[in-house]
Amino acid sequence: MEANGSALWLTSPGPSPAKAKSDLSTAMDLVQVVFYTVVCVGGSLGNGLVIWLTARRAGRSVNCVWFLNLALADFIFSVTRAVPLAKNASYRGHWPFGAFLCRATSFTKYLNMFCSVFLLAAVSLDRLAAVAFPVWSKNRRGPRLAWAAAAGAWGAAAAASLPFYLYRNLVPQGPANGPKCSLTLGEGPKLMLYLLRLLCGFLAPFAIILACYGALAAALRRRPATLRSRKPFKVMGAIVVTFFLCWAPYHLFLLLKLAGVKGRALTVGLPLASSLAYLNSCANPVLYFFMGLDFRRALGRTTLAGAFRRALLEDPAYSVGTRRKSFTNTASAHP
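Taking my numbering, the leading residue of the sequence shown gets 797, the next gets one more, and so forth.
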(Lines of atoms letter the chains of each structure in order from A and count residues from 1; the text may use other names and numbers.)
(Lines give C-alpha, C1' and ligand atoms only; values in the text may rest on other atoms or scores of the structure.)
Protein backbone atom coordinates (compact mmCIF):
# COMPACT_ATOMS: atom_id res chain seq x y z
CA MET A 1 0.00 0.00 0.00
CA GLU A 2 2.83 2.34 0.89
CA ALA A 3 4.60 1.44 -2.35
CA ASN A 4 1.47 2.21 -4.36
CA GLY A 5 1.18 5.58 -2.62
CA SER A 6 4.80 6.38 -3.44
CA ALA A 7 4.31 5.41 -7.06
CA LEU A 8 1.19 7.54 -7.28
CA TRP A 9 3.08 10.53 -5.80
CA LEU A 10 5.98 10.07 -8.24
CA THR A 11 3.72 9.87 -11.28
CA SER A 12 1.26 12.63 -10.34
CA PRO A 13 1.40 15.51 -12.80
CA GLY A 14 2.91 18.82 -11.68
CA PRO A 15 1.51 22.22 -12.49
CA SER A 16 0.85 22.84 -16.17
CA PRO A 17 3.32 25.02 -18.13
CA ALA A 18 0.64 27.71 -18.50
CA LYS A 19 0.00 27.71 -14.73
CA ALA A 20 3.73 27.86 -13.97
CA LYS A 21 4.18 30.78 -16.38
CA SER A 22 1.24 32.60 -14.82
CA ASP A 23 2.64 32.09 -11.32
CA LEU A 24 6.05 33.36 -12.45
CA SER A 25 4.50 36.44 -14.06
CA THR A 26 2.58 37.15 -10.86
CA ALA A 27 5.80 36.86 -8.84
CA MET A 28 7.56 39.30 -11.18
CA ASP A 29 4.63 41.72 -10.83
CA LEU A 30 5.16 41.67 -7.07
CA VAL A 31 8.90 42.30 -7.53
CA GLN A 32 8.08 45.29 -9.73
CA VAL A 33 5.70 46.62 -7.08
CA VAL A 34 8.69 46.87 -4.71
CA PHE A 35 10.84 48.62 -7.31
CA TYR A 36 8.02 50.99 -8.33
CA THR A 37 7.48 51.94 -4.71
CA VAL A 38 11.17 52.78 -4.29
CA VAL A 39 11.14 54.80 -7.51
CA CYS A 40 7.95 56.71 -6.65
CA VAL A 41 8.97 57.62 -3.12
CA GLY A 42 12.74 57.91 -3.43
CA GLY A 43 12.73 59.52 -6.87
CA SER A 44 10.09 62.09 -6.00
CA LEU A 45 11.73 63.15 -2.73
CA GLY A 46 15.35 63.04 -3.94
CA ASN A 47 14.78 64.82 -7.23
CA GLY A 48 12.43 67.29 -5.55
CA LEU A 49 15.28 68.29 -3.24
CA VAL A 50 17.66 68.65 -6.21
CA ILE A 51 15.14 70.86 -8.00
CA TRP A 52 14.72 73.03 -4.91
CA LEU A 53 18.49 73.47 -4.50
CA THR A 54 19.30 74.20 -8.16
CA ALA A 55 16.29 76.19 -9.38
CA ARG A 56 17.33 79.43 -7.65
CA ARG A 57 20.85 79.26 -9.10
CA ALA A 58 20.08 78.06 -12.63
CA GLY A 59 20.35 81.61 -13.93
CA ARG A 60 23.97 81.93 -12.75
CA SER A 61 25.46 78.46 -13.17
CA VAL A 62 25.70 76.24 -16.23
CA ASN A 63 26.02 73.13 -14.08
CA CYS A 64 22.84 73.98 -12.21
CA VAL A 65 20.98 74.15 -15.52
CA TRP A 66 22.07 70.58 -16.32
CA PHE A 67 21.36 69.22 -12.84
CA LEU A 68 17.97 70.93 -12.72
CA ASN A 69 16.80 69.54 -16.07
CA LEU A 70 18.02 66.02 -15.29
CA ALA A 71 16.16 66.18 -11.98
CA LEU A 72 12.99 67.47 -13.67
CA ALA A 73 12.99 64.55 -16.11
CA ASP A 74 13.51 62.05 -13.28
CA PHE A 75 10.92 63.73 -11.06
CA ILE A 76 8.21 63.55 -13.74
CA PHE A 77 9.05 59.90 -14.35
CA SER A 78 9.04 59.03 -10.63
CA VAL A 79 5.66 60.65 -9.99
CA THR A 80 3.98 59.00 -13.01
CA ARG A 81 5.21 55.53 -11.96
CA ALA A 82 2.41 55.63 -9.38
CA VAL A 83 -0.02 54.53 -12.12
CA PRO A 84 1.72 51.24 -13.10
CA LEU A 85 2.43 50.70 -9.39
CA ALA A 86 -1.32 50.73 -8.68
CA LYS A 87 -1.93 48.47 -11.66
CA ASN A 88 0.61 45.86 -10.58
CA ALA A 89 -0.46 46.01 -6.94
CA SER A 90 -4.22 45.76 -7.40
CA TYR A 91 -5.23 44.87 -10.94
CA ARG A 92 -2.64 42.39 -12.18
CA GLY A 93 -3.37 40.95 -15.61
CA HIS A 94 -5.14 43.88 -17.26
CA TRP A 95 -5.11 47.69 -17.52
CA PRO A 96 -7.96 49.32 -15.59
CA PHE A 97 -7.14 53.03 -15.95
CA GLY A 98 -8.36 53.87 -19.45
CA ALA A 99 -6.73 54.72 -22.75
CA PHE A 100 -5.34 58.15 -21.82
CA LEU A 101 -3.27 56.92 -18.86
CA CYS A 102 -2.17 53.94 -20.93
CA ARG A 103 -0.67 56.34 -23.47
CA ALA A 104 0.53 58.95 -20.97
CA THR A 105 2.51 56.54 -18.77
CA SER A 106 4.26 55.11 -21.83
CA PHE A 107 5.01 58.62 -23.11
CA THR A 108 6.53 59.81 -19.81
CA LYS A 109 8.61 56.62 -19.53
CA TYR A 110 10.30 57.24 -22.86
CA LEU A 111 10.38 61.01 -22.37
CA ASN A 112 12.55 60.39 -19.31
CA MET A 113 14.83 57.97 -21.15
CA PHE A 114 15.31 60.14 -24.23
CA CYS A 115 15.56 63.44 -22.34
CA SER A 116 18.09 62.07 -19.86
CA VAL A 117 20.39 60.63 -22.51
CA PHE A 118 20.07 63.71 -24.76
CA LEU A 119 20.94 65.95 -21.80
CA LEU A 120 23.94 63.76 -20.94
CA ALA A 121 25.14 64.04 -24.54
CA ALA A 122 24.71 67.84 -24.38
CA VAL A 123 26.62 67.96 -21.07
CA SER A 124 29.46 65.93 -22.60
CA LEU A 125 29.71 68.32 -25.54
CA ASP A 126 29.60 71.25 -23.12
CA ARG A 127 32.43 69.80 -21.03
CA LEU A 128 34.55 69.20 -24.10
CA ALA A 129 33.94 72.72 -25.43
CA ALA A 130 34.91 74.28 -22.08
CA VAL A 131 38.31 72.57 -22.13
CA ALA A 132 39.12 72.31 -25.84
CA PHE A 133 37.86 75.79 -26.83
CA PRO A 134 38.44 78.05 -23.81
CA VAL A 135 38.34 81.32 -25.80
CA TRP A 136 34.99 80.46 -27.37
CA SER A 137 33.67 79.28 -24.01
CA LYS A 138 34.76 82.51 -22.34
CA ASN A 139 32.71 84.56 -24.80
CA ARG A 140 29.76 82.30 -25.56
CA ARG A 141 29.25 79.66 -22.88
CA GLY A 142 26.76 80.55 -20.17
CA PRO A 143 23.40 79.66 -18.61
CA ARG A 144 21.45 81.13 -21.53
CA LEU A 145 23.10 78.78 -24.03
CA ALA A 146 22.71 75.86 -21.62
CA TRP A 147 18.99 76.59 -21.30
CA ALA A 148 18.66 76.65 -25.10
CA ALA A 149 20.41 73.29 -25.33
CA ALA A 150 18.21 71.86 -22.58
CA ALA A 151 15.08 73.09 -24.35
CA GLY A 152 16.31 71.40 -27.52
CA ALA A 153 16.85 68.15 -25.60
CA TRP A 154 13.31 68.30 -24.19
CA GLY A 155 11.84 69.00 -27.64
CA ALA A 156 13.78 66.16 -29.30
CA ALA A 157 12.82 63.79 -26.46
CA ALA A 158 9.13 64.70 -26.80
CA ALA A 159 9.25 64.10 -30.56
CA ALA A 160 11.01 60.74 -30.11
CA SER A 161 8.47 59.70 -27.43
CA LEU A 162 5.39 60.78 -29.38
CA PRO A 163 4.97 57.49 -31.33
CA PHE A 164 4.72 55.64 -28.00
CA TYR A 165 1.74 57.86 -27.18
CA LEU A 166 0.04 57.81 -30.58
CA TYR A 167 0.30 54.08 -31.24
CA ARG A 168 -0.37 52.75 -27.75
CA ASN A 169 -3.90 51.81 -26.79
CA LEU A 170 -6.08 49.29 -25.00
CA VAL A 171 -6.08 45.86 -26.62
CA PRO A 172 -8.81 43.30 -25.75
CA GLN A 173 -7.64 40.02 -24.22
CA GLY A 174 -10.91 38.12 -24.51
CA PRO A 175 -14.23 38.11 -22.67
CA ALA A 176 -12.75 36.64 -19.49
CA ASN A 177 -10.03 39.31 -19.07
CA GLY A 178 -9.86 43.07 -19.19
CA PRO A 179 -7.85 44.96 -21.84
CA LYS A 180 -4.08 45.31 -21.80
CA CYS A 181 -2.08 48.44 -22.57
CA SER A 182 0.02 47.71 -25.64
CA LEU A 183 1.35 49.07 -28.94
CA THR A 184 -1.16 48.61 -31.74
CA LEU A 185 1.36 48.52 -34.59
CA GLY A 186 2.03 45.58 -36.86
CA GLU A 187 5.20 43.55 -36.43
CA GLY A 188 7.15 45.41 -39.12
CA PRO A 189 6.45 48.98 -37.92
CA LYS A 190 6.86 47.87 -34.29
CA LEU A 191 10.31 46.45 -35.09
CA MET A 192 11.33 49.70 -36.80
CA LEU A 193 10.12 51.72 -33.81
CA TYR A 194 12.04 49.54 -31.35
CA LEU A 195 15.23 49.75 -33.42
CA LEU A 196 14.86 53.53 -33.65
CA ARG A 197 14.44 53.64 -29.86
CA LEU A 198 17.63 51.60 -29.43
CA LEU A 199 19.59 53.78 -31.83
CA CYS A 200 18.39 57.20 -30.64
CA GLY A 201 17.92 56.33 -26.98
CA PHE A 202 21.10 54.39 -26.37
CA LEU A 203 23.66 53.62 -29.08
CA ALA A 204 24.07 57.02 -30.78
CA PRO A 205 24.14 59.11 -27.56
CA PHE A 206 26.51 56.58 -25.97
CA ALA A 207 28.89 56.92 -28.93
CA ILE A 208 28.80 60.74 -28.66
CA ILE A 209 29.42 60.63 -24.91
CA LEU A 210 32.32 58.18 -25.22
CA ALA A 211 33.92 60.28 -27.94
CA CYS A 212 33.55 63.47 -25.89
CA TYR A 213 34.97 62.00 -22.70
CA GLY A 214 37.84 60.40 -24.62
CA ALA A 215 38.74 63.76 -26.18
CA LEU A 216 38.24 65.46 -22.81
CA ALA A 217 40.58 63.05 -21.04
CA ALA A 218 43.24 63.66 -23.67
CA ALA A 219 42.85 67.45 -23.37
CA LEU A 220 43.09 67.35 -19.57
CA ARG A 221 46.27 65.25 -19.76
CA ARG A 222 47.83 67.85 -22.03
CA ARG A 223 46.66 70.78 -19.89
CA PRO A 224 46.10 69.54 -16.34
CA ALA A 225 45.75 73.07 -14.89
CA THR A 226 42.89 74.04 -17.21
CA LEU A 227 40.26 73.73 -14.46
CA ARG A 228 40.32 74.94 -10.89
CA SER A 229 37.81 72.27 -9.86
CA ARG A 230 37.11 68.88 -11.40
CA LYS A 231 34.22 67.95 -9.13
CA PRO A 232 31.56 68.87 -11.77
CA PHE A 233 33.35 66.51 -14.20
CA LYS A 234 33.43 63.70 -11.65
CA VAL A 235 29.75 64.11 -10.75
CA MET A 236 28.63 64.16 -14.39
CA GLY A 237 30.91 61.22 -15.20
CA ALA A 238 29.29 59.21 -12.41
CA ILE A 239 25.83 60.13 -13.75
CA VAL A 240 26.77 58.94 -17.25
CA VAL A 241 28.17 55.62 -16.01
CA THR A 242 25.14 55.00 -13.79
CA PHE A 243 22.71 55.77 -16.61
CA PHE A 244 24.24 53.28 -19.00
CA LEU A 245 24.69 50.58 -16.35
CA CYS A 246 20.99 50.91 -15.51
CA TRP A 247 19.64 51.04 -19.06
CA ALA A 248 21.99 48.63 -20.90
CA PRO A 249 20.33 45.41 -19.57
CA TYR A 250 16.89 46.77 -20.53
CA HIS A 251 17.93 47.32 -24.14
CA LEU A 252 19.70 43.94 -24.23
CA PHE A 253 16.59 42.04 -23.12
CA LEU A 254 14.45 43.99 -25.58
CA LEU A 255 16.79 42.91 -28.37
CA LEU A 256 16.42 39.31 -27.22
CA LYS A 257 12.65 39.71 -27.25
CA LEU A 258 12.73 41.18 -30.76
CA ALA A 259 14.91 38.26 -31.87
CA GLY A 260 12.14 35.88 -30.82
CA VAL A 261 13.83 34.53 -27.69
CA LYS A 262 11.31 33.08 -25.24
CA GLY A 263 11.38 31.20 -21.98
CA ARG A 264 11.93 31.68 -18.28
CA ALA A 265 15.07 33.80 -18.72
CA LEU A 266 13.14 36.47 -20.63
CA THR A 267 10.09 36.24 -18.34
CA VAL A 268 12.32 36.96 -15.35
CA GLY A 269 15.04 39.04 -16.98
CA LEU A 270 12.96 41.68 -18.77
CA PRO A 271 10.95 42.81 -15.69
CA LEU A 272 14.15 42.91 -13.62
CA ALA A 273 15.97 44.88 -16.33
CA SER A 274 13.02 47.29 -16.55
CA SER A 275 13.07 47.75 -12.79
CA LEU A 276 16.81 48.46 -12.86
CA ALA A 277 16.29 51.05 -15.60
CA TYR A 278 13.54 52.71 -13.55
CA LEU A 279 15.82 52.87 -10.52
CA ASN A 280 18.05 55.23 -12.48
CA SER A 281 15.50 57.98 -11.86
CA CYS A 282 16.28 57.93 -8.12
CA ALA A 283 19.99 57.06 -8.43
CA ASN A 284 21.25 60.55 -9.24
CA PRO A 285 20.27 62.13 -5.88
CA VAL A 286 22.07 59.27 -4.11
CA LEU A 287 25.18 59.96 -6.21
CA TYR A 288 24.99 63.67 -5.41
CA PHE A 289 24.79 62.92 -1.71
CA PHE A 290 27.76 60.56 -1.54
CA MET A 291 29.92 62.67 -3.84
CA GLY A 292 29.10 65.72 -1.73
CA LEU A 293 30.04 64.12 1.58
CA ASP A 294 32.98 65.78 3.28
CA PHE A 295 34.99 62.75 4.39
CA ARG A 296 37.48 65.00 6.16
CA ARG A 297 34.79 65.58 8.78
CA ALA A 298 32.71 63.15 10.75
CA LEU A 299 29.87 61.89 8.57
CA GLY A 300 27.46 62.49 11.41
CA ARG A 301 28.09 66.23 11.08
CA THR A 302 27.34 66.24 7.35
CA THR A 303 23.74 67.24 6.65
CA LEU A 304 21.77 66.00 3.66
CA ALA A 305 21.33 69.49 2.24
CA GLY A 306 25.00 70.28 2.85
CA ALA A 307 26.17 67.22 0.93
CA PHE A 308 23.85 68.07 -1.96
CA ARG A 309 25.08 71.65 -2.09
CA ARG A 310 28.74 70.56 -2.25
CA ALA A 311 28.01 68.19 -5.13
CA LEU A 312 25.60 70.38 -7.10
CA LEU A 313 26.54 73.98 -6.44
CA GLU A 314 30.33 73.90 -6.37
CA ASP A 315 30.93 75.38 -9.78
CA PRO A 316 33.82 77.83 -9.43
CA ALA A 317 35.06 77.56 -12.97
CA TYR A 318 31.67 78.02 -14.62
CA SER A 319 29.49 80.36 -12.60
CA VAL A 320 28.85 83.68 -14.30
CA GLY A 321 30.48 85.66 -11.54
CA THR A 322 33.81 83.80 -11.67
CA ARG A 323 33.98 82.60 -15.25
CA ARG A 324 36.06 85.51 -16.52
CA LYS A 325 38.59 85.17 -13.69
CA SER A 326 38.91 81.44 -14.23
CA PHE A 327 39.66 81.78 -17.91
CA THR A 328 42.05 84.63 -17.26
CA ASN A 329 44.02 82.31 -14.98
CA THR A 330 43.88 79.61 -17.65
CA ALA A 331 45.18 81.95 -20.33
CA SER A 332 48.08 83.08 -18.14
CA ALA A 333 48.97 79.49 -17.30
CA HIS A 334 48.88 78.45 -20.98
CA PRO A 335 49.98 81.33 -23.24
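Glycine is no exception: its CB is placed at the ideal position from the N, C-alpha and C atoms.
The structure presented is a predicted model; accordingly, all values stated were derived computationally and were not measured.
CA nearest to the CA of residue i, picked from the options
i	options	result
VAL1036	GLN828, ALA1007 and TYR963	ALA1007
LEU1066	VAL919, PRO1045, GLY855 and PHE831	PRO1045
LEU1041	VAL846, TYR1074, HIS890 and LEU941	TYR1074
PRO985	PRO959, ILE1004 and LEU966	PRO959
TRP950	SER933, ASN965, MET909 and LEU979	MET909
ALA945	VAL967, ALA918 and ALA953	ALA918
ILE884	ALA1055, VAL827 and ALA1011	With the sequence shown as reference, residue 884 is identified as Asn, and Ile is not the correct amino acid for it. Closest by alpha carbon: VAL827.
GLY1010	CYS898, ARG923 and ILE847	ARG923
LEU999	LEU1048, VAL1082 and ALA1034	LEU1048
MET824	TYR1084, ALA1079, LEU1062 and LEU991	LEU1062
ARG964	TRP932, THR980 and ALA955	THR980
SER1070	ASN1080, ALA1079 and LEU1050	LEU1050
LEU966	ALA947, LEU994, CYS898 and ILE1004	CYS898
Contact belief for residue i with residue j at Cβ below 8 angstroms, rounded distance in angstroms
i	j	result
TYR906	SER957	4 angstroms
PHE1039	SER912	6 angstroms
THR876	THR850	Not a contact, Cβ separation roughly 21 angstroms.
LEU1052	TYR990	At roughly 12 angstroms, the Cβ-Cβ gap does not stay under 8 angstroms, so LEU1052 and TYR990 are not in contact.
ALA953	PHE914	6 angstroms
PRO1001	LEU916	7 angstroms
ALA1034	LEU1083	5 angstroms
Where residue i falls, given that 16 or more other Cβ within 10 Å makes a residue buried
i	result
VAL927	buried
PRO880	buried
VAL1057	exposed
GLY855	exposed
ASN859	buried
PRO971	exposed
TRP1197	The requested residue 1197 does not occur in the structure, where the chain is confined to residues 797 to 1131.
THR904	buried
VAL862	Before going on, a small fix: residue 862 reads as Trp here, not Val. TRP862 should be labelled buried.
ARG937	buried
VAL1031	buried
CYS836	buried
GLY997	buried
| said: Does the segment 856-874 come into contact with the segment 835-843, if we say contact requires no fewer than three beta-carbon pairs (one atom in each stretch) closer than 8 angstroms? | reply: yes
| task | Return the chain-ordered ranges of every beta strand (DSSP E) run that is complete within the segment 975-1062 and spans a minimum of 3 residues. | result | 976-979
| said: List, from N- to C-terminal side, the beta strand (DSSP E) runs of 3 residues or more that fit wholly inside the segment 938-968. | reply: 964-967
| said: Three or more C-beta pairs under 8 angstroms: does that hold for the segment 967-987 against the segment 884-904? | reply: yes
| field | 4 or more residues per run - each alpha helix (DSSP H) lying fully within the segment 842-917 | value | Here the runs fully enclosed are 858-876 and 878-886.
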